[in-house]
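When the letters of the sequence shown are read in order and numbered with the working numbering, they come out as residues 232 to 521.
In what follows, a structure is listed as structure tokens, so that the remarks can point back to it.
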Amino acid sequence: MSVITDIFRLLVFSNFWISIGAVAYSMVTVLQLDLDVPVEFYWFVGCCTLCSYSLQRFIQFSYLKKQSARQKWLGGNRLYVGGAVLFSGLGGVILGLTVLTAFQILCFVPVALISLFYSTRVLGKTSASKTKEKKSLRDVPGIKIFMVAISWSFLCGLMPIWLSGFSSINVGQVILVCTEKLFFIVAITIPFDIRDLRHDKESNSTIPQVFGVKKSIYIAIGLLVFGSFCLLFTSSVSAEAATGLMLSYAATLILLLFVEEDKPELYFSGFIDATMVLQLLFVWGAINLL
232 MSVITDIFRL LVFSNFWISI GAVAYSMVTV LQLDLDVPVE FYWFVGCCTL
282 CSYSLQRFIQ FSYLKKQSAR QKWLGGNRLY VGGAVLFSGL GGVILGLTVL
332 TAFQILCFVP VALISLFYST RVLGKTSASK TKEKKSLRDV PGIKIFMVAI
382 SWSFLCGLMP IWLSGFSSIN VGQVILVCTE KLFFIVAITI PFDIRDLRHD
432 KESNSTIPQV FGVKKSIYIA IGLLVFGSFC LLFTSSVSAE AATGLMLSYA
482 ATLILLLFVE EDKPELYFSG FIDATMVLQL LFVWGAINLL
């Protein structure tokens with residue numbers, strides 16, 4: 232069991248697990264709408280996610296005072312993380328030029344910039360002592376979770392539809408699908424804000440800071456309910472795919488009910504992030520077995 236745990240921890244801490252989750256989540260969009268996208272797109276999603284999250288961890292290590300289990304692992308593997316940023320970033324650029332049009336690349340640039348400056352401290356303000364206090368985008372009050380959700384919804388929701396073409400789905404259906412994705416991502420990101428309560432400044436105004444832990448969990452569950460309503464009105468999604476999505480929502484809800492601030496890191500970055508992989512398994516199973 233310890234060997235399995237060690238392997239799982241390595242997958243999580245190296246950011247491969249969240250990259251697998253991103254690929255799985257983009258596959259869910261393809262399956263639920265019966266889209267046709269090139270396989271290179273999945274590699275593009277994986278490379279972009281690995282580069283983004285590795286870069287964030289690499290930057291955060293330099294200024295986080297309290298070291299989590301992940302940060303301690305990073306301290307001994309900074310060379311690997313730097314290499315992951317370099318090679319996955321290079322792979323993402325090459326694959327992006329291969330599968331995306333010039334206009335799609337242009338529209339992707341803001342998402343890439345959000346990833347770049349999410350943890351990079353470039354914003355500054357003059358304090359009473361006339362010194363500059365540098366901040367990253369994640370430190371801007373009230374927008375942290377929405378930047379994450381919009382980026383994920385764009386990459387794993389809108390991009391597969393866009394690559395496949397809008398001929399088989401109207402604008403209203405696209406909005407419903409992307410809104411459902413947005414609600415789900417916000418719902419599974421709230422637990423991470425609960426985890427980060429001890430690290431985030433009070434001025435960040437995250438949902439748990441404003442509403443408390445219990446109410447934040449209720450908000451996350453409510454978002455899953457709203458996402459379910461979006462599915463009910465999305466005629467482009469087959470009944471089988473919708474059933475798989477609903478089952479994955481139920482599994483996610485159970486995990487949300489057990490979220491606590493002092494849960495181990497693997498509960499958040501391991502099990503909560505696994506809900507995207509679970510969603511793929513449920514949707515694939517429902518489509519092929521029902």
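Cβ atoms here follow ideal geometry from the backbone N, Cα and C, with glycine treated the same way.
Note that the structure is predicted; figures quoted are calculated from it, not measured.
How do the stretch 241-253 and the stretch 498-505 stand: do at least 3 beta-carbon pairs fall below 8 Å, yes or no?
Contact holds: three or more Cβ-Cβ distances are below 8 Å.
Where does Glu411 fall in DSSP's three states?
For the purposes of this step, residue 411 is taken as the residue at position 180 of the sequence shown. Helix.
Which class does Asp424 belong to by DSSP, given the choice of helix, strand or coil?
Here the question's residue 424 lines up with position 193 in the sequence shown. Three-state result, Asp424: helix.
Ile408: buried (16+ other C-beta within 10 angstroms of its C-beta) or exposed?
Start at 1 with the first residue of the sequence shown, and residue 408 comes out as number 177. Residue 408 is actually Val in this sequence, not Ile. So Val408 counts as buried.
Secondary structure at Asn308, three-state DSSP: helix, strand or coil?
Here residue 308 corresponds to residue number 77 of the sequence shown, with the count starting at 1. If DSSP states are grouped into helix, strand and coil, Asn308 belongs with coil.
Whose C-beta lies closer than 6 Å to the C-beta of Ser346 among residues of the same chain, with five residues either side of it excluded?
Looking up residue 346 in the sequence shown gives position 115. For Ser346, where only same-chain residues beyond five positions count, the Cβ hits under 6 Å are Ser283.
So what does DSSP say about Asp493, is it helix, strand or coil?
In the sequence shown, counting from the first residue as 1, residue 493 sits at position 262. Here Asp493 sits in coil by DSSP.
Which runs of the alpha helix (DSSP H) spanning at least 4 residues fall entirely within the stretch 427-477, listed in chain order?
Complete alpha helix (DSSP H) runs here, min 4: 438-442 and 444-463.
Checking 9 Å against the spacing of the C-beta atoms, do Gly323 and Phe275 come in under that value?
Within the sequence shown, residue 323 is the residue found at index 92, counting from 1. Within the sequence shown, residue 275 is the residue found at index 44, counting from 1. In this structure, Phe275 lies closer than 9 Å to Gly323 by Cβ.
Here's the rule I'm using: 16 or more other beta-carbon atoms within 10 Å means buried, otherwise exposed. How should Ala517 be labelled?
Your numbering for residue 517 matches position 286 in the sequence shown. When all chains shown are included, Ala517 counts as buried.
Cβ of Phe457 within 9 Å of Cβ of Phe414?
Mapped onto the sequence shown, residue 457 falls at position 226. Mapped onto the sequence shown, residue 414 falls at position 183. Yes, the Cβ-Cβ distance between Phe457 and Phe414 is below 9 Å.
If we count the other Cβ atoms within 10 Å of its Cβ and call it buried at 16 or more, is Thr362 buried or exposed?
Residue 362 sits at position 131 when you count from the first residue of the sequence shown. Residue confidence is low: Thr362 scores 42 on pLDDT, short of 50, so the model does not pin down where it sits. Its coordinate-derived value is still stated next. The residue in question, Thr362, is exposed, as its Cβ has fewer than 16 Cβ neighbours within 10 Å.
Let me check understanding here. Comparing Cα to Cα, which of Ile392, Leu487 and Ala343 lies closest to Val468?
Start at 1 with the first residue of the sequence shown, and residue 468 comes out as number 237. Per the Cα distances, Ile392.
Can the beta-carbon of Ser257 be found less than 9 Å from the beta-carbon of Tyr273?
Mapped onto the sequence shown, residue 257 falls at position 26. Mapped onto the sequence shown, residue 273 falls at position 42. Against a cut-off of 9 Å, the Cβ pair of Tyr273 and Ser257 comes out as a contact.
For Glu271, which option in Leu520, Leu326 and Phe318 has the closest C-alpha, if you only look at C-alpha atoms?
Sequence index remark: in the sequence shown, residue 271 carries index 40 (1-based). Comparing Cα positions, the closest option is Leu326.
Look at the alpha carbon of Leu428 and the alpha carbon of Glu491, and state the distance between them as a whole number of angstroms.
To locate residue 428, count along the sequence shown from 1; it is residue 197. To locate residue 491, count along the sequence shown from 1; it is residue 260. Approximately 11 Å between the Cα atoms of the pair.
Any idea if Gln335 is buried or exposed, counting beta-carbon neighbours within 10 angstroms, 16 or more meaning buried?
Counting from 1 along the sequence shown, the entry for residue 335 is found at position 104. Exposed.
Determine the DSSP secondary structure at Leu484, reduced to helix, strand or coil.
As a position in the sequence shown, residue 484 is number 253, starting the count at 1. Residue state, collapsed to three classes: helix.
Go ahead and pull the three-state DSSP assignment for Tyr349.
Here residue 349 is taken as the residue at index 118 of the sequence shown, counted from 1. Tyr349 falls in the coil class under three-state DSSP.
Tell me, please, whether the stretch 436-456 touches the stretch 471-479 by the rule of three or more beta-carbon pairs shorter than 8 Å.
Taking 8 Å as the limit for Cβ pairs, the verdict is that the stretch 471-479 does not touch the stretch 436-456.
Output needed for Thr260: all residues of its chain with C-beta closer than 8 Å, excluding positions within five of it in sequence on either side, in chain order.
Residue mapping note: residue 260 aligns to position 29 of the sequence shown, counting from 1. Closer than 8 Å at Cβ, skipping near neighbours: Leu266, Cys387, Gly388, Pro391, Ile392, Val408 and Lys412.
Just to check my reading of the structure: Ala451 and Ile421 have Cβ atoms closer than 8 Å, yes? What is that Cβ distance to the nearest angstrom?
Against the sequence shown, residue 451 aligns to sequence position 220. Against the sequence shown, residue 421 aligns to sequence position 190. Sure, about 4 Å apart at Cβ, within 8 Å.
Report the residue ranges of all alpha helix (DSSP H) runs contained in full by the stretch 313-352; include only those spanning at least 4 residues, in chain order.
If we require 4 residues or more, the alpha helix (DSSP H) runs fully inside the stretch 313-352 come out as 333-348.
Less than 9 Å between the beta carbons of Asp424 and Lys375, yes or no?
For the purposes of this step, residue 424 is taken as the residue at position 193 of the sequence shown. For the purposes of this step, residue 375 is taken as the residue at position 144 of the sequence shown. Taking 9 Å as the Cβ cut-off, Asp424 and Lys375 qualify as a contacting pair.
Have a look at Phe513 and Leu310 and give me their C-alpha separation to the nearest angstrom.
Translated into positions along the sequence shown, residue 513 becomes position 282. Translated into positions along the sequence shown, residue 310 becomes position 79. Whole-angstrom Cα-Cα distance: 37 Å.
Can you tell me whether Leu521 is buried or exposed, with buried defined as 16 or more other CB within 10 angstroms of its CB?
One-based indexing of the sequence shown puts residue 521 at position 290. The residue is exposed, with fewer than 16 neighbouring Cβ atoms inside 10 Å.
Where does Val417 land, buried or exposed, given buried means 16+ other C-beta within 10 angstroms?
The sequence position of residue 417 within the sequence shown is 186, counting from 1. Under this definition Val417 is a buried residue.
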